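**Student:** In terms of the numbering used here, the sequence shown is residues 401 to 489. Glycine is no exception: its CB is placed at the ideal position from the N, C-alpha and C atoms. Note that the structure is a prediction, hence the values are computed from the model and not measured. The following block contains the structure, expressed as structure tokens.
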Amino acid sequence: MPLIRGTALGQYIPADSFIHRLDPRSKLLITVLSMILIFLTKSFPAMALWASLIFILAKISKIPAASLLRSARPILTLIIFTSVLHIFF
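Take a look at the structure:
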């Protein structure tokens with residue numbers, strides 16, 4: 401698995417799945433609309449629904465979970481930092 405070892409966030413990982421075969425324009429449109437809707441979501445149950453949808457799409461895309469978690473590590477640091485700041489301010 402040397403290909404997956406050094407993946408960065410947003411890096412293309414080749415796989416044969418329904419998601420990979422979609423038209424790039426439709427993937428961009430779905431991504432932008434999802435980002436807007438997630439940003440406008442106010443309730444925790446709705447956020448949990450979005451998170452489960454994202455996990456389902458990740459499973460459908462056939463990308464290993466370890467690769468996804470490894471690529472999310474830099475963002476996790478930012479989320480923890482801003483969460484701590486939010487507690488104090």
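Residue 442 to residue 450, Cα distance in whole Å?
**Tutor:** Their Cα atoms are separated by approximately 12 angstroms.
**Student:** Quick one: using the 10 Å Cβ neighbour count with 16 as the cut-off for buried, is residue 418 buried or exposed?
**Tutor:** So residue 418 ends up on the exposed side.
**Student:** Using a Cβ-Cβ distance cut-off of 9 angstroms, determine whether residue 464 contacts chain C.
**Tutor:** Of the protein chains in the structure, only one exists, and it is not chain C.
**Student:** Determine the DSSP secondary structure at residue 441, reduced to helix, strand or coil.
**Tutor:** Three-state DSSP puts residue 441 in coil, outside helix and strand.
**Student:** Across the region 419 to 427 and the region 456 to 471, are there enough close Cβ pairs to call them in contact, namely three or more that are closer than 8 angstroms?
**Tutor:** Judged by Cβ distances under 8 angstroms, the region 419 to 427 makes contact with the region 456 to 471, as three or more pairs qualify.
**Student:** Taking the C-alpha atoms as reference points, what is the distance between residue 399 and residue 465?
**Tutor:** What the structure shows of the chain is the stretch from 401 to 489, and residue 399 is not part of that stretch, so it cannot be assessed.
**Student:** Taking 7 angstroms as the limit between beta carbons, can you name the residues of its chain near residue 415, skipping five residues before and five after?
**Tutor:** Only 461, 462, 463 meet the Cβ criterion.
**Student:** How big is the Cα-Cα spacing for residue 445 and residue 428?
**Tutor:** For residue 445 and residue 428, the distance between alpha carbons rounds to 26 angstroms.
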